[in-house]
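Q: Take a look at the following structure, please.
In our numbering, the protein residues as written are 68 to 301.
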C-alpha cells in the first residue's frame with residue numbers, strides 16, 4: 068500500500084460481546100489463512116480470512132482471553148492454543164476437538180507457541196495470573212515458571228538481541244516490560260512504564276537488521292525499544 072492510498076474495509080463481523088483476542092494463521096491446513104477470535108462471552112471463533120465466513124465456533128463457560136495458531140505438538144498440523152478463564156487449552160485446528168488442557172488458580176491472560184529453549188520442539192509460554200509458565204507443547208508438562216509482583220498480560224517468544232537464541236518478552240499489569248532467557252528464565256533487562264503493558268511484539272521495526280520490541284500500554288502509549296539494550300528509540 069502506498070503512502071497516499073487509503074485502507075478499505077473488506078468485511079466485518081459483529082459480535083454480542085467484546086472481542087478480546089485474535090490471530091491470523093492457517094488453522095485447518097487448506098493453504099489459506101483464517102482469523103481466530105475469542106470473545107468475553109466465552110466463544111472461540113474461526114473465520115475465513117478471505118470472506119469472513121464462519122468455519123466453526125466453540126462455546127465455553129468462561130471468557131476467551133488469548134488465542135494463538137501454531138503447530139504445538141510437532142505433528143505437522145496447526146493447533147489453536149487458547150486461554151479460557153483459568154484454563155490453558157489446545158484444540159485441533161481442523162476439527163476444533165480439544166487435545167489437552169491444564170487448569171490453574173488464576174486466569175490465563177496471554178499465550179504464545181514457539182521454541183523457547185532451542186530443543187527443536189515448540190513450547191507454550193503463558194501468563195497465568197502473576198506467573199509466567201513454559202509448557203511442553205506435546206504433553207502440557209511444565210518446564211519452568213517465574214513469579215512476578217503483578218499479573219503477566221502479554222508475552223512473545225523471539226530472538227530479541229540477535230544472539231541466536233530466543234528470549235521471552237513480557238508485559239505486566241504494573242507497567243514492567245521484561246526480557247528473559249528462554250532457556251533459563253534469567254532476566255536480561257526490564258523497563259518501567261506508568262501504566263499496564265498490554266501488548267508486546269518483537270521484530271525489525273526500522274530495517275536496521277536488528278530486532279526491536281514494540282510495546283503498548285493501557286493509557287495509549289506506544290514505545291519502540293532496542294532488543295539488545297532496552298534503550299527507547301521512540
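Note that the Cβ used here is the ideal one computed from N, Cα and C, for glycine as well.
Grab me the residues of residue 188's own chain with a C-beta within less than 8 Å of its C-beta, minus the 5 sequence neighbours each way, in chain order.
A: For this step, residue 188 is matched to residue 121 along the chain shown. Taken in chain order, the residues that qualify are 141, 182, 203, 204, 205.
Q: DSSP state of residue 212, grouped into three classes?
A: As a first step, residue 212 is located in the chain shown; it is residue number 145 there, counting from the start. Strand.
Q: Please classify residue 289 as buried or exposed, where buried requires at least 16 neighbouring CB atoms within 10 angstroms.
A: One-based indexing of the chain shown puts residue 289 at position 222. By the neighbour-count rule (16 or more Cβ atoms within 10 Å), residue 289 is not buried but exposed.
Q: Output needed for residue 131: all residues of its chain with C-beta closer than 7 Å, excluding positions within five of it in sequence on either side, in chain order.
A: Along the chain shown, one-based indexing puts residue 131 at 64. 87, 88, 105, 106, 109, 110, 111, 149, 151.
Q: Could you check what DSSP says for residue 205 in three-state terms: helix, strand or coil?
A: Along the chain shown, read from residue 1 onward, the residue named residue 205 stands at position 138. Residue 205 falls in the coil class under three-state DSSP.
Q: DSSP has residue 263 in a bridge; who is on the other side?
A: As a first step, residue 263 must be located in the chain shown, where it is residue number 196. The partner list for residue 263 (beta bridge, DSSP) is empty, contrary to what the question assumes.
Q: Mind checking residue 286: buried by the 16 CB within 10 Å criterion, or exposed?
A: What you label residue 286 is simply residue 219 of the chain shown in a count that begins at 1. Exposed.
Q: Straight-line CA distance for residue 147 to residue 297?
A: Working through the chain shown from its first residue, we reach residue 147 at position 80. Working through the chain shown from its first residue, we reach residue 297 at position 230. If you take the alpha carbons of residue 147 and residue 297, they lie about 31 Å apart.
Q: Report the CB separation of residue 139 from residue 195 in whole angstroms; it is logged as a contact under 8 Å.
A: On the chain shown, residue 139 is found 72 positions in, with the first residue counted as 1. On the chain shown, residue 195 is found 128 positions in, with the first residue counted as 1. Not confirmed; about 17 Å, so no contact.
Q: Out of 102, 129, 128, 125, state which residue places its alpha-carbon closest to the alpha-carbon of residue 117.
A: Position 50 of the chain shown, counted from the start, is the residue given in the question as residue 117. Comparing Cα-Cα distances from residue 117 to each of 102, 129, 128, 125, the minimum goes to 102.
Q: So the candidates are 241, 211, 129, 217; which of them puts its Cα closest to the Cα of residue 235?
A: Against the chain shown, residue 235 aligns to sequence position 168. Among 241, 211, 129, 217, the Cα nearest to that of residue 235 is on 211.
Q: Within its chain, find whatever has a CB closer than 6 Å to the CB of residue 169; leave out the 5 residues flanking it on each side and keep chain order.
A: Position 102 of the chain shown, counted from the first residue, corresponds to residue 169. For residue 169, where only same-chain residues beyond five positions count, the Cβ hits under 6 Å are 155, 207.
Q: Which whole-angstrom value is the C-beta distance of residue 136 and residue 160, which I expect to be below 8 Å?
A: Residue 136 sits at position 69 when you count from the first residue of the chain shown. Residue 160 sits at position 93 when you count from the first residue of the chain shown. With 8 Å as the limit, residue 136 and residue 160 qualify as a contact, their Cβ atoms being about 7 Å apart.
Q: Thinking just about the alpha-carbon of each residue, which of 180, 99, 115 is nearest to the one in residue 134?
A: Within the chain shown, the letter at position 67 stands for residue 134. With distances taken between Cα atoms, residue 134 lies closest to 180.
Q: Please identify the residue among 145, 158, 99 whose C-alpha is closest to the C-alpha of residue 126.
A: Counting from one through the chain shown, the residue named residue 126 turns up at place 59. Answer by Cα proximity: 158.
Q: Around the C-beta of residue 71, are 16 or more other C-beta atoms found within 10 angstroms, so that it is buried, or is it exposed?
A: For the purposes of this step, residue 71 is identified with residue 4 of the chain shown, where counting begins at 1. With fewer than 16 other Cβ atoms within 10 Å, it is exposed.
Q: Taking 8 Å as the threshold (C-beta atoms), are residue 264 and residue 244 in contact?
A: The residue given as residue 244 occupies position 177 in the chain shown. The residue given as residue 264 occupies position 197 in the chain shown. Cβ distance < 8 Å, so residue 244 and residue 264 count as in contact.
Q: Would you list the one or two residues that DSSP bridges to residue 179?
A: For the purposes of this step, residue 179 is taken as residue 112 along the chain shown, with counting starting at 1. Bridge partners of residue 179: 192.
Q: Are residue 292 and residue 277 close, meaning C-beta to C-beta below 8 Å?
A: Numbered from 1 along the chain shown, position 225 holds the residue referred to as residue 292. Numbered from 1 along the chain shown, position 210 holds the residue referred to as residue 277. No, these two residues do not count as a Cβ contact at 8 Å.
Q: In chain order, what residues of the same chain lie with their CB nearer than 7 Å to the CB of residue 301, ignoring the 5 residues before and after it?
A: Numbered from 1 along the chain shown, position 234 holds the residue referred to as residue 301. Closer than 7 Å at Cβ, skipping near neighbours: 291.
Q: By a C-beta neighbour count over all protein chains shown, 10 Å radius and 16 as the cutoff for buried, is residue 78 buried or exposed?
A: Your numbering for residue 78 matches position 11 in the chain shown. That one is exposed.
Q: From residue 246 to residue 221, what does the alpha carbon distance come to, in whole angstroms?
A: Start at 1 with the first residue of the chain shown, and residue 246 comes out as number 179. Start at 1 with the first residue of the chain shown, and residue 221 comes out as number 154. Going by the C-alpha atoms only, they are around 12 Å apart.
Q: Sort 281, 299, 174 by Cα distance to residue 270 and report the nearest one.
A: Within the chain shown, numbered from 1, the residue matching residue 270 stands at position 203. The candidate whose alpha carbon is nearest that of residue 270 is 281.
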